[in-house]
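Comments concern the structure below.
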Amino acid sequence: MSGIPEPDEFRAEARTWLAGAARPRAADGEWGSGSDSVAVFENWTEEQEREHTARVQEWERTRYDQGWSALNWPQEYGGRGLPAYYEQLYRGEEAAFDVPHRPEIFPVTQALVAPAIGLWGTEEQKRRWLVPMLRTDELACQLFSETEAGSDLAAVRTKAVRDGDGWVLTGHKVWTSGARVATWGVAVCRTDPDVRKHAGITVFLVRMDAPGVTVRPIRQMTGGTSFNEVYLDGVRVPDTDRLGPVGEGWRVTLSVLAAERLDSGSLGLDNADRALDLAGNLSRPLTGSERQRAADLHLRTLVQRLMGLRVTAALVAGREPGAEASVGKLYATETMRRTGDLVSELLGPSLVADTEEWGTYAWTEHLLGAPGYSIAGGTDEIQRTILAERVLGLPKEPVR
Ligand SMILES: Cc1cc2nc3c(=O)[nH]c(=O)nc-3n(C[C@H](O)[C@H](O)[C@H](O)COP(=O)(O)OP(=O)(O)OC[C@H]3O[C@@H](n4cnc5c(N)ncnc54)[C@H](O)[C@@H]3O)c2cc1C
């Protein structure tokens, strides 16, 4: 274990570095001032999305260049070769500083796509993609879902047909978060329609500016457009951009989805804390029912944080977190729902009419955004199926 700092020593070093690189987060003692945004998905125009993305990229590059990113990656990829949970230790310290909020495209690139390339990529692909993605010079979106292939992702119909030393991709992907700012898309495609559906899939990395790629934003009920439709119309992809063997794309896809579940456990905690602050700062006493809801939510945030620690403990022990990750995602979406329930009861009509009062109407962003996370990254029902089959060992759902 030589060269690995003790966790306390590491945290202290991280704090010192952060103090030089970022401003401390404003003390939140002052209830009723500062931003009251509780947006789950941002309501940005394309220009705002590009501006914010550039700000986050600047911060991510600083982190990477100064050795405070890619912590668990080998040194040849600019990492520090530390155990995986050092990333969580770092995040714990960073939370006290005012750094730009990372929209989905950042964890997708760094925590979902880069590890899949690490696992499945050739040496040449790792050299070409890993550093630019960990440093966020390149951003990658997930071109997975289609209108008829969401929960049943193996039903994808986007075709990839061999053509000389490359492939031609044709199809239509939907709900692609961050497609407007991504430079690469990880596309799950059908390369063999004649075999069992899970066996005929291959994964490709597609340049988002390649001829034939068209991105069309989808308006969400939050008012924003954080996800998009992506049309692939005869897009040429060299064989060197295929990730993993031909016909093994389902296994590549599963490794990305497992990483996505792992990344979801802390969702919703900030807004739950904010809702509890709201309960504590109301200018009237809480009703019995409001007290019950607030106490329940408080307990949930504690349990959710403990589950996060169990994931960390599994990583510390060198185990792949399995059950912890699926339970964590499911638990997080329920926390978001109950946060909405508490806030609705506390605020009543001032939630739905914009009176410009701080911390009231802003909560519509939470209420309209939170249901998205019961769908994104595998719906609640699918997470329950995963738990039933892989954790409880119940009989498998018949494959359609
Ligand atoms: C905010 C957001 C961001 C997203 N970002 C991306 C992205 O970046 N890239 C990408 O590829 N996709 C993305 N998605 C798509 C997401 O992965 C799919 O929406 C999700 O997998 C569900 O698929 P679907 O919408 O087709 O619903 P369906 O699969 O049609 O499901 C409809 C309903 O039926 C239920 N259901 C379906 N099958 C079963 C079953 N076997 N057992 C029990 N219930 C079942 C579901 O739980 C759901 O309630 C995003 C979605 C959202 C909401």
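Each step along the sequence shown adds one to the number in UniProt numbering, with nothing skipped, and position 369 is 369. Beta carbons: idealized from backbone N, C-alpha and C, even for Gly.
Q. Relative to the alpha-carbon of glutamate 365, which residue among Thr287, Gly318 and Gly268 has its alpha-carbon at the smallest distance?
A. In the sequence shown, counting from the first residue as 1, residue 365 sits at position 365. Nearest in C-alpha terms to glutamate 365, of all of Thr287, Gly318 and Gly268, is Gly268.
(Q) Is tryptophan 44 a contact residue of ligand 1, with contact defined as CB to any heavy atom under 8 Å? (A) Residue mapping note: residue 44 aligns to position 44 of the sequence shown, counting from 1. Checking the Cβ of tryptophan 44 against ligand 1 gives no.
Q) Beta carbon of glycine 171: closer than 8 Å to some heavy atom of ligand 1? A) Looking up residue 171 in the sequence shown gives position 171. Not so, every heavy atom of ligand 1 lies at least 8 Å from the Cβ.
(Q) For ligand 1, is there any heavy atom lying closer than 8 Å to the beta carbon of valine 213? (A) Translated into the one-based positions of the sequence shown, residue 213 becomes position 213. Answer for valine 213: no, Cβ out of range of ligand 1.
Q: Can you tell me which of Leu342, Arg305, Gly244 and Ile105 puts its alpha carbon nearest to the alpha carbon of alanine 325?
A: As a first step, residue 325 must be located in the sequence shown, where it is residue number 325. The shortest C-alpha separation from alanine 325 is found at Arg305.
Q. Taking the C-alpha atoms as reference points, what is the distance between threonine 225 and valine 181?
A. Numbered from its first residue, the sequence shown carries residue 225 at position 225. Numbered from its first residue, the sequence shown carries residue 181 at position 181. If I take the Cα positions, the gap works out to 12 Å.
Q.
One question on the structure: do residue 401 and valine 237 come within less than 9 Å of each other, judged by their Cβ atoms?
A. Past the edges of the chain, shown from 1 to 400, lies residue 401, and the structure says nothing about it.
Q: Leaving out five residues on either side along the sequence, give the residues of the same chain with a beta carbon under 7 Å from the beta carbon of proline 321.
A: Start at 1 with the first residue of the sequence shown, and residue 321 comes out as number 321. Leu262, Val311, Ala314 and Leu315, listed in sequence order.
Q) For the beta strand (DSSP E) that proline 371 lies in, which residues bound it at each end? A) As a position in the sequence shown, residue 371 is number 371, starting the count at 1. From DSSP, proline 371 is part of no beta strand (DSSP E); its letter is neither H nor E.
Q.
Would you call the stretch 14–25 in contact with the stretch 93–112, where contact means no fewer than 3 C-beta pairs closer than 8 Å?
A. With the cut-off at 8 Å, the stretch 14–25 and the stretch 93–112 touch.
Q) Since aspartate 36 is in the alpha helix (DSSP H), which residue starts that stretch and which ends it? A) The count along the sequence shown starts at 1 and reaches residue 36 at position 36. From DSSP, aspartate 36 is part of no alpha helix (DSSP H); its letter is neither H nor E.
**Q.** Residue interval of the beta strand (DSSP E) (run including aspartate 165)
**A.** What you label residue 165 is simply residue 165 of the sequence shown in a count that begins at 1. Premise fails: aspartate 165 is in no beta strand (DSSP E) and is neither H nor E.
Q: May I ask you to report which of helix, strand or coil DSSP gives phenylalanine 329?
A: Sequence index remark: in the sequence shown, residue 329 carries index 329 (1-based). Looking at the sequence shown, residue 329 is not phenylalanine but lysine. When secondary structure is reduced to three states using DSSP, lysine 329 falls in the helix class.
Q: Can you tell me which of the three DSSP states aspartate 273 falls into?
A: Here the question's residue 273 lines up with position 273 in the sequence shown. Three-state DSSP puts aspartate 273 in a helix.
Q) For ligand 1, is there a heavy atom less than 8 Å away from the beta-carbon of leucine 153? A) What you label residue 153 is simply residue 153 of the sequence shown in a count that begins at 1. True, at least one ligand heavy atom lies under 8 Å from that Cβ.
Q: Following the continuous beta strand (DSSP E) through alanine 182, name the residue where it begins and the one where it ends.
A: Here residue 182 refers to the residue found at position 182 of the sequence shown. For alanine 182, there is no enclosing beta strand (DSSP E), as DSSP marks it with neither H nor E.
Q. Assuming alanine 179 and valine 131 make a contact with CB atoms under 8 Å, what is their CB distance in whole Å?
A. Residue 179 sits at position 179 when you count from the first residue of the sequence shown. Residue 131 sits at position 131 when you count from the first residue of the sequence shown. Contact doesn't hold; Cβ gap of about 23 Å is too wide.
Q | glycine 372: CB within 8 Å of a non-hydrogen atom of ligand 1 | A | For the purposes of this step, residue 372 is identified with residue 372 of the sequence shown, where counting begins at 1. Checking the Cβ of glycine 372 against ligand 1 gives yes.
(Q) Nearer than 8 Å: is that true of the beta carbon of glycine 78 relative to any heavy atom of ligand 1? (A) Along the sequence shown, one-based indexing puts residue 78 at 78. No, ligand 1 has no heavy atom inside 8 Å of this Cβ.
Q: Measure the alpha-carbon distance for aspartate 152 versus tryptophan 31 and round it to whole angstroms.
A: Sequence index remark: in the sequence shown, residue 152 carries index 152 (1-based). Sequence index remark: in the sequence shown, residue 31 carries index 31 (1-based). Roughly 45 Å between the two C-alpha positions.
Q: Run the proximity test for glutamine 48: is its beta-carbon closer than 8 Å to any non-hydrogen atom belonging to ligand 1?
A: Residue numbering aside, residue 48 sits at position 48 when the sequence shown is read from its first letter. No; taking the cut-off as 8 Å, the Cβ of glutamine 48 has no heavy atom of ligand 1 nearer than that.
Q. Given a threshold of 16 other Cβ atoms within 10 Å of its Cβ, counted over all protein chains shown, does glycine 393 qualify as buried or as exposed?
A. Counted from its first residue, the sequence shown places residue 393 at position 393. Classification for glycine 393: exposed.
Q: Return the CA-CA distance between threonine 385 and threonine 335, expressed in angstroms with no decimal places.
A: By 1-based counting over the sequence shown, the position of residue 385 is 385. By 1-based counting over the sequence shown, the position of residue 335 is 335. Taking the straight line joining both Cα atoms gives about 20 Å.
Q: For lysine 396, count neighbouring C-beta atoms within 10 Å of its own C-beta (all shown protein chains included) and say buried if the count is 16 or more, exposed if not.
A: The residue labelled residue 396 in the question sits at position 396 within the sequence shown. Flag for lysine 396 reads exposed.
Q.
Let me confirm a value: methionine 221 is counted as buried when at least 16 other C-beta atoms fall within 10 Å, else exposed. Which label applies?
A. In the sequence shown, residue 221 corresponds to position 221, counting from 1. Taking all protein chains shown into account, methionine 221 has fewer than 16 neighbouring C-beta atoms within 10 Å of its C-beta and is therefore exposed.
**Q.** DSSP state of glycine 224 mapped onto helix, strand, coil
**A.** Sequence index remark: in the sequence shown, residue 224 carries index 224 (1-based). Coil.
Q: Give a yes or no on whether the C-beta atoms belonging to glutamate 362 and aspartate 137 are separated by under 9 Å.
A: As a first step, residue 362 is located in the sequence shown; it is residue number 362 there, counting from the start. As a first step, residue 137 is located in the sequence shown; it is residue number 137 there, counting from the start. Note that residue 362 is alanine in the sequence shown here, rather than glutamate. Not in contact: alanine 362 and aspartate 137 (Cβ atoms no closer than 9 Å).
Q: Name the two residues that bound the continuous beta strand (DSSP E) containing valine 316.
A: Residue mapping note: residue 316 aligns to position 316 of the sequence shown, counting from 1. For valine 316, there is no enclosing beta strand (DSSP E); the residue is part of the alpha helix (DSSP H) that begins and ends at 288–316.
Q: Please determine, among Ala111, Met307, Gly166 and Tyr86, the residue with the shortest C-alpha to C-alpha distance to arginine 135.
A: Working through the sequence shown from its first residue, we reach residue 135 at position 135. The option with the nearest alpha carbon to arginine 135 is Ala111.
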